[in-house]
Amino acid sequence: MKTLLTNARLIDPEHGTDELGAILIEDGVIAAVGDVSSDGAQVVDCGGKCVAPGIVDIGVKVCEPGERHKESFRTAGLAAAAGGVTTMVTRPDTLPAIDSPEVLEFVERRANEAAPVRVMPMAALTRGREGREMTEIGFLQDAGAAAFTDCDNVVTNPKVFARCMTYAKSLDALVIAHPQDPTLSKGAAVTSGKFATLKGLPMVSPMAERMGLERDIALVEMTGARYHADNLSTAKSLPVLARAKADGLDVTAGVSIHHLTLNELDVGDYRTFFKVKPPLRSEDDRVAMIEAVASGLIDVISSMHTPQDEESKRLPFEEAASGAVALETLLPAAMRLVHAGYIDLPTLWRALSLNPSKRLGLETGRLAVGAPADLVMFDPDAPFVMDRETLRSKSKNTPYDGQRMQGKVIATFVGGAIVFGDL
C-alpha cells in the first residue's frame, strides 16, 4: 500500500532545507518527494507538522543479556519509537559483554523478536571489555557488528589499542572510544571547580578528556583507523578534534543531549538523576558544544541512553550509578536548542540522523527517493511537563523529570510502517 504524507513541513538535513511539501511512501522506501500525485495512495494530512528522517541513535544501552530488569529490547524499542528513534545502535557493555559472535547473535535475535525499530549492535573491542586481549573483530563484523567499542572502559594500554586499531583498519571497521584519562577520572562524580569544591564531591578536571583524546588521535594518526569519539563534553577537546580533521584523519565525534542541555549546576541538591559520565560540565562548555554542533565540528548528537534502576540511583551522589535514560526525551530536549535560537532544524537533524547514518554506512537520514521510509512526524512547539512515570523504558532515571518541555512525536515510521502513533 502507498501512503502519501501531504502538507508536511519537510526537514531535509542533506540539503539544509525546511519547507512545505509531500512524501510518497511505497514498498518501505520513499518513492517521491515534493509535488506528488495521490493516485491510489492513502493520504495523510500532516497539518503543517514537521516530517524528518528518523533519528539514528549511537550508543544506546539495552541491558540484555544480564540486567533485563533495567531495560529490555521490547521496552527500549517502544521508548525509541515513541521518541522518533528509528535505529538504535546498541552498546556492548552488557553482562556478559558482547565480545563473541555467539553473544552477538543472541542480541540480534532478541532485538529482531522484540523491538519495533531497527537495532544495530556494536561489539566489544577487547575481551570482557578488559583492555587486554583483542576480540575476533573479523568474525564479529561478519556476524553483524556495527562498530567496536569498550564503551567507558578506556583501553589503557596503548599497544593493545594500537593493535585493535590496526586490525580494524584492515577490515574498514569503525572504532568508537570514550576519551578520558582513566587515572585522573577514577572515582570522580563531578567536574572540578568552585561548585564541586563547595559540594565536597570527588571531581575531575576537563583536561582528563583532552588528554584521552590527544592519545587516541595520536594512535589514529599512527594506524589510519576509522575513529569516533562517542561523547565529547569540554571546550578544551575541540581544538584537538579540529586539528585531527584538518590533518585529514578519519575522525568524527559525538556529544550527548545531556551535555548540550544541562550543566554542572543542575546537580544542585545532590540529585543523582543528573549524575552522568562524563560529568556535567560548565555553562561555557555547554555553549561551546552547541556551537561545535552548529558549525559541524561535532558530527553526532546521541541520547547515551543508560538505564539504571532505583536501587542504583537512590544512593549518596558519590556512590550512585552514572547514566540517564533518554530515548524518549532526546527529541524534546534537542528542541530546546532550536527554541533558544542556537541551531535550526535541518542542522539539528544533520547531527541526529544524517551524520550517524553516514558514519555507519546506512542509507537512512535522508528525504530522498529510494531512501528507507524511516521517518518521524513531530510538533516542535507542543508543550508538556515531563513525568518520568509515563516513560516506556523500564528504568525511569531521567534528569528532565518535572521540567517543562516542547516537542512531541506524533508518529514514527520504520520501513514505511507506523511503529508509533495513530494516523
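What the sequence shown shows, in the working numbering, is residues 711 to 1133, in sequence order.
A virtual CB, placed ideally from N, CA and C, is assigned to each residue, including glycine.
1) For residue 1025, which residues in the same chain have their Cβ closer than 6 Å to its Cβ, ignoring the five residues on either side in sequence?
2) Mapping DSSP to helix, strand and coil, what is residue 717?
3) Where in the segment 959-1011 do unbroken runs of the alpha helix (DSSP H), each at least 4 residues long, occur, reported from the N-terminal end onward?
4) In whole angstroms, what separates the C-alpha of residue 936 from that of residue 747?
5) Can you grab the Cα-Cα spacing for the pair residue 1012 / residue 767, in whole Å?
6) Taking only runs of the alpha helix (DSSP H) that begin and end inside the segment 848-909, which ones reach a length of at least 4 residues, in chain order?
7) Within the continuous beta strand (DSSP E) that includes residue 1120, where are the two ends?
8) Among 1093, 1030 and 1070, which has the Cα closest to the Cα of residue 1046?
9) Cα separation between residue 991 and residue 1032?
10) In whole angstroms, give me the CA-to-CA distance for residue 822 and residue 790.
11) Residue 818: which of 1006, 835, 798 and 1081 sits nearest, CA to CA?
12) Give the list of continuous beta strand (DSSP E) stretches no shorter than 3 residues that lie fully inside the segment 822-849.
13) Would you mind stating whether residue 857 and residue 884 have Cβ atoms separated by less than 8 Å?
14) Whole-angstrom Cβ separation of residue 894 and residue 859, contact assumed at under 8 Å?
15) What is the rounded straight-line gap between the Cα of residue 1079 and the Cα of residue 761?
16) Considering only their Cβ atoms, is the gap separating residue 1050 from residue 740 smaller than 8 Å?
17) Using 8 Å as the threshold, is the segment 898-915 in touch with the segment 870-882, meaning 3 or more CB pairs across them?
18) At 4 residues or longer, what runs of the alpha helix (DSSP H) sit wholly inside the segment 1005-1081?
The answer reads as follows:
1) Answer for residue 1025: no residue qualifies.
2) Correct three-state label for residue 717: strand.
3) Whole alpha helix (DSSP H) segments, 4+ residues: 967-971 and 993-1005.
4) Rounded to the nearest whole angstrom, the C-alpha separation of residue 936 and residue 747 is 43 Å.
5) C-alpha separation (whole angstroms): 5 Å.
6) List check, alpha helix (DSSP H) in window: 868-880, 892-895 and 904-909.
7) Unbroken beta strand (DSSP E) run through residue 1120: 1114-1124.
8) Ranking 1093, 1030 and 1070 by Cα distance to residue 1046 puts 1093 first.
9) Per the coordinates, the alpha-carbon of residue 991 lies some 15 Å from the alpha-carbon of residue 1032.
10) Between the alpha carbons of residue 822 and residue 790 lies a gap of roughly 14 Å.
11) The candidate whose alpha carbon is nearest that of residue 818 is 798.
12) Counting only runs of 3 or more residues that sit fully inside the segment 822-849, the beta strand (DSSP E) segments are 828-831, in chain order.
13) In this structure, residue 884 lies closer than 8 Å to residue 857 by Cβ.
14) In fact, because the Cβ distance is near 21 Å, the residues do not count as touching under 8 Å.
15) Residue 1079 and residue 761: Cα-Cα distance of roughly 15 Å.
16) No; because the gap between Cβ atoms is not below 8 Å, this pair is not in contact.
17) No, they do not touch.
18) Correct list: 1020-1023, 1040-1049, 1055-1059 and 1065-1069.
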